[in-house]
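Under numbering that gives the first Met the number 0, the residues of the sequence shown are numbered 0 to 718, in order. Cβ atoms here follow ideal geometry from the backbone N, Cα and C, with glycine treated the same way. This report refers to the structure that appears directly beneath it.
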Amino acid sequence: MNFNSGRFWLKTAVYALLTTVIAGLAVFLLLLWQFDSDAARRELEHAFAAQGRTLKVSGPVSPLFWPRPGIAVDNVSLSEADGHSDFAAMRRIELRFAWLPLLQKHYLVRQVRLLGVDATVIRRPDGTMNIADLFDARQQNERVHVKLDDLSIADGDISWRDEISGRKGRLTALRLDAGNMEDSGEIEVSTQLAWDGRQFDLHGKLPVSIADDQVRVDGFALDARTHLPRMQVLSAQLTGSLMLNQARGLLEASQLELKLETAKPAATAVIRAPKLDLSADGIFAPSVRFALNLGDQETHYLLDGQASNVRSANGRSQAQNIAGNFQWENGKNRLKVEYSAPAVMDGLSSLRLQPAGVRAALSTPYLPRGVIRTELTGQIDADLQAETLQSRLSGLFDGARLDLDIRQKSFTRPHHDVSLTLARLDLNRYLPAQDGPLAPLLRSSQKINLDWLSDVDLNGRVAIGQFDVGRFSVQQVDMDVRASSTGVDINRFTAQIYQGVLAGTLSISNDATPSLHIDQKLSHMNVHPLLKDLFDFSRIEGRGNGAADLTASGRTFDELRSTLGGTLSVSLSEGALTGINLVEALKNLPAELSQWGTQTIASDLKQKTPFQRLSASFAFDKGVGRNHDLKLASPLIDLNGQGKLDLSQNIVDYAFNVRANPVEFPKLKGLNVPIKITGALPAPTYALDFNALVKDKKTDAEKQQVLKDQLTRPLQVLK
């Protein structure tokens, strides 16, 4: 036989091909002979009998031959474990089996393809899942075993319902392809998730390998994107590794990291769990770290912390302790908060931190001498679904009792409702050292920075037992505050001020040039210590009422003073003008007036001019208050005056006409003494107003004669 003959090799190839075809045809005929669609239908319908489930096949059952033998079943439905409630429906199922076991009528499932899957996964009120029985190896059919190498799901629709928290979710357009899972395969998944009214686009790749009863996923990555209200796009990525031990019913995760990012506002949040176990008993993680970075060019929020011994079971999660730091920065303004508390979460929404410990420190250029510190304890509740946060804290603020109640709505655009009660606030501990009146503290060219209001949305009630700044002090402060990006409005303000009551409103706008509006009324106040502590002005005593309706604009306190406008009125009773005794001067004429006519007299605080009533109203414009109706009445004299107070220059310029009471001083009837008060507000000087005396005279001789007459007339009438 010639082995080199081409004819020989042609015959050999033909015979081999025929043998292969005949063998394949024989196997095909054998499978076809053994295949019984009715038997297959019955086998499928009884496959889940042990779990109490009912499987119905409404469509045809047909055999598959290549590349593995199997069956295709159309229009399949599967009930819940009660045997009648709907669990899932599939348009088509394709199962492919290993060759040799099939010849012995044992079904080893190697490939599964599901088309048009529609199923509902439920977590019951007792915490169990409606799919738990499907993973119970003890209830599997003895002739059917699953050892998947390939899995494919297309056009899936999976609904999720949590009967504990009431939350619902849904996966639509689900597509999953997993191949070569026994070696080093990969699962590729894409779907759309609807969760709490939001839509997420999900996709990811999971390297997977299956060995015996263990499934490993090393270095997977799942990505998600969604649009959130008031944001552009939220991107999320979950990475890590998984190992599923089917025999123990345990899923072990390692190096899990969830990263969330948004572009507007610019924010990044990261949650890391080095180790996490999921079993029928629940979830356990020895530690979970988290961090948040949120902000823009002006304002930043930083949050970091760690939760230890995190457990979750039967709809409740708890952490032995959560501790970390929170920081807010706006320019040179900075708030640092340290917190620590055990945590409990019911479902996926309700979170409680109790007892919560909080230590806070606030530093700002406006309080250059120190950092404001407080230490509080209490309770913090959060509803993650409703996006609300409630804090009830109490403790000490600079040694004074502090009670703080904060309610926050929304986590992306927070709105706060605040109630704050503080026993005492002494700003002198933090302001530049100066034991004096308030006015010098407000004399500053430093810019008033309201940029921190850009992200603020707050309504609040503030009550302070005593408030001190400089020598100025008020008690029982109570106000309603509204703060937002447009400014600060104090719609209701009351306080006990120098034995009287102050009530009204105050607002400042957050414009390019802020504007200030003050509308206040004072009742029964003691004016002497008020003016002394505000302006170091001690020339008036008495009790009475006042009203102010003032506006100003500017970026500094100096600018506010120089633009001050509006009205101010005051009415006093039973008081005195200090620094001058006009009654005594009238009694000692002409010596006193003679002295005033030739020189200015510095005020003497021991001297006083008593009065029964004093009233005046001022019209302010560009920081200058002008008055034309000052009236003083006493048993011995009457005084009328007009002039101005220049707050920007801190000076006074006033002219008075003093008349003696003709009843008490009949010999001084008709006597009119013009007096001029000028100079710095804290220390003005007094002089006879020569200009007032000679305003109608034209020549120097006439003016000299008027002065002489005024200085000698009292001497004549007193003779």
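- Note on geometry: alpha-carbon atoms of residue 90 and residue 98 lie some 26 Å from one another.
- Taking a cut-off of 8 Å for Cβ pairs, the segment 540-549 and the segment 476-488 do not touch, as fewer than three such pairs fall below it.
- The C-beta distance from residue 380 to residue 351 rounds to 5 Å, short enough to fall under 8 Å.
- Between residue 207 and residue 185, the CB-CB gap stays under 8 Å.
- Take the alpha-carbon of residue 59 and the one of residue 66: they are about 21 Å apart.
- Per DSSP, residue 526 is one residue of the alpha helix (DSSP H) stretching across 526-534.
- Inter-residue distance for residue 475 and residue 421 is about 10 Å (C-alpha atoms, whole angstroms).
- Within the same chain, 54 come within 6 Å of residue 47 by CB-CB distance, once the 5 residues on both sides are set aside.
- The beta carbon of residue 479 lies closer than 6 Å to those of 460, 490, 491 in the same chain, with the five residues before and after it left out.
- Pairing residue 280 with residue 318 gives a Cβ-Cβ distance that is not under 8 Å.
- With a cutoff of 8 Å on beta-carbon distance, residue 501 and residue 507 are scored as not near each other.
- With respect to residue 233, residue 225 sits close: the two C-beta atoms are nearer than 8 Å.
- Taking C-beta separations shorter than 6 Å and ignoring five residues to either side along the sequence, the partners of residue 302 in its chain run 291, 325, following chain order.
- For residue 406, the enclosing beta strand (DSSP E) begins and ends at 399-408.
- The C-alpha of residue 510 lies about 46 Å from the C-alpha of residue 202.
- For residue 73, the enclosing beta strand (DSSP E) begins and ends at 69-78.
- Of the residues assessed, residue 657 falls on the buried side of the cut-off, its CB having 16 or more other CB atoms within 10 angstroms.
- At a cut-off of 3 residues, the continuous stretches assigned as beta strand (DSSP E) that sit fully inside the segment 440-502 are 457-468, 471-483, 486-496.
- Nearest C-alpha to residue 322 among 354, 561, 348, 407: 354.
- In the displayed model, residue 582 falls within a helix according to three-state DSSP.
- Residue 74 and residue 56 have their alpha carbons spaced roughly 6 Å apart.
- Bounds of the alpha helix (DSSP H) holding residue 559 are 556-561.
- Going by beta carbons, residue 576 and residue 617 fall outside the 8 Å limit.
- In terms of Cβ geometry, residue 108 and residue 155 do not form a close pair [threshold 8 Å].
- Around the beta-carbon of residue 122, 16 or more other beta-carbon atoms lie within 10 Å, marking it buried.
- Shown here, residue 273 sits in a strand according to DSSP, grouped into three states.
- Going by beta carbons, residue 553 and residue 562 fall inside the 8 Å limit.
- Rounded to whole angstroms, the separation of the alpha carbons of residue 289 and residue 314 is 22 Å.
- Apart from the 5 residues on each side of it in sequence, residue 78 sits with its Cβ closer than 7 Å to the Cβ of 52, 53, 84, 85, 86 in its chain, given in chain order.
- Here residue 513 is near residue 449, since their CB atoms are less than 8 Å apart.
- The secondary-structure analysis by DSSP pairs residue 339 across a beta bridge with 322, 356.
- Membership of residue 660 in any beta strand (DSSP E) is not indicated, and neither H nor E is assigned to it by DSSP.
- Scanning 158, 176, 178, 190 for the CA closest to the CA of residue 169 turns up 158.
- Counting along the chain, no beta strand (DSSP E) covers residue 647, and no H or E run does either.
- DSSP, reduced to helix, strand and coil, places residue 428 within a helical segment of the structure shown.
- By the criterion of a C-beta distance shorter than 7 Å, residue 413 is surrounded in its chain by 407, 456, once the five residues flanking it on both sides are discounted.
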